[in-house]
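K.L.:
Residue numbers (the working numbering): 42 to 260.
For glycine and all other residues, C-beta sits at the position ideal for the given N, C-alpha and C.
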Ligand SMILES: [Zn+2]
């Protein structure tokens, strides 16, 4: 788990052995469809790829294997988005940030397939770079950097005021995360943003997780 500094929230992650955080019973999952729709205060199961809720409403959670999980935190709200190439091309990150009329405080981007490993066709690159021209310059060959594109889009949409936690881990290269391309699996990694319960034991962080933001929970 990763504590969001200065808050009572932490990011949970459950993958293969070694990422054993327990998924909260009340985690709210959407029926992810690779779209760009954001649901406010979801009940769970809506066909959409992003959600926003008031603080205390619930626990936003995502299923991902190589797609990018994005979480966002404002003063009064939290949100989450599932961002694969289709979602990015459709503006899911921009839609998530625009859905709350407050300054974005934290952006948390989780493990996904990295820009070195993710080879795609030219049509996919074109679709994503239409809204993010800088992406084509950074990876001029047949690859796509979901993480970099999401970050550039978030910065543009929010005015760059937020703090960032970037769990810069590649699902394909990791042995402790599910990867559609790597494991050819139907299984998914689960991530969620939850309030830390009083007295809750936060297990030791897996050393593979690297955060750009300085503070991480230590036992
Ligand atoms: Zn990689």
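Who are the near neighbours of residue 144 in its chain, counting only those whose CB is closer than 6 Å to its CB and skipping five residues on each side?
P.N.:
Walking along the chain shown from the start, residue 144 turns up at place 103. Closer than 6 Å at Cβ, skipping near neighbours: 202.
K.L.:
Which runs of the beta strand (DSSP E) fall wholly inside the segment 103 to 163 and span at least 3 residues, in chain order?
P.N.:
Runs found: 109 to 114, 118 to 124 and 147 to 150.
K.L.:
Determine, using beta carbons only, whether residue 101 and residue 121 come nearer to each other than 8 Å.
P.N.:
The residue labelled residue 101 in the question sits at position 60 within the chain shown. The residue labelled residue 121 in the question sits at position 80 within the chain shown. Closer than 8 Å, so yes.
K.L.:
Verify the contact flag: residue 214, CB atom, against every heavy atom of ligand 1, threshold strictly below 7 Å.
P.N.:
As a first step, residue 214 must be located in the chain shown, where it is residue number 173. Under cutoff, so the answer is yes.
K.L.:
My parser needs the beta strand (DSSP E) runs of 3 or more residues fully inside the segment 174 to 213; what are they?
P.N.:
If we require 3 residues or more, the beta strand (DSSP E) runs fully inside the segment 174 to 213 come out as 204 to 207.
K.L.:
Rounded to a whole number of angstroms, what is the C-alpha to C-alpha distance between residue 210 and residue 154?
P.N.:
For the purposes of this step, residue 210 is identified with residue 169 of the chain shown, where counting begins at 1. For the purposes of this step, residue 154 is identified with residue 113 of the chain shown, where counting begins at 1. Residue 210 and residue 154: Cα-Cα distance of roughly 8 Å.
K.L.:
Taking the straight line between their C-alpha atoms, what separation do you get for residue 224 and residue 195?
P.N.:
Position 183 of the chain shown holds residue 224. Position 154 of the chain shown holds residue 195. For residue 224 and residue 195, the distance between alpha carbons rounds to 30 Å.
K.L.:
Where in the segment 45 to 101 do unbroken runs of the alpha helix (DSSP H), each at least 4 residues long, occur, reported from the N-terminal end onward?
P.N.:
Here no run is fully enclosed.
K.L.:
Within its chain, find whatever has a CB closer than 6 Å to the CB of residue 74; leave out the 5 residues flanking it on each side and keep chain order.
P.N.:
Translated into positions along the chain shown, residue 74 becomes position 33. The answer, listed in chain order, is 88.
K.L.:
For the alpha helix (DSSP H) containing residue 223, list its first residue and its last residue.
P.N.:
One-based indexing of the chain shown puts residue 223 at position 182. Here the alpha helix (DSSP H) through residue 223 covers 221 to 224.
K.L.:
Looking at residue 158 and ligand 1, is the gap between the Cβ and the nearest heavy atom below 7 Å?
P.N.:
Counted from its first residue, the chain shown places residue 158 at position 117. Under cutoff, so the answer is yes.
K.L.:
What do you get for residue 135, buried or exposed, if any count of 16 or more other CB atoms within 10 angstroms of its CB means buried?
P.N.:
Here residue 135 corresponds to residue number 94 of the chain shown, with the count starting at 1. Counting Cβ neighbours within 10 Å, residue 135 comes out buried, since at least 16 surround it.
K.L.:
Please report the straight-line C-alpha distance between residue 256 and residue 192, rounded to a whole angstrom.
P.N.:
Taking the first residue of the chain shown as 1, we reach residue 256 at position 215. Taking the first residue of the chain shown as 1, we reach residue 192 at position 151. Legend: pLDDT at residue 256 = 34, less than 50; position of this residue unreliable, no value from coordinates given.
K.L.:
Please report how far the alpha carbon of residue 158 lies from the alpha carbon of residue 180, in whole angstroms.
P.N.:
Position 117 of the chain shown holds residue 158. Position 139 of the chain shown holds residue 180. Going from the Cα of residue 158 to the Cα of residue 180 covers about 11 Å.
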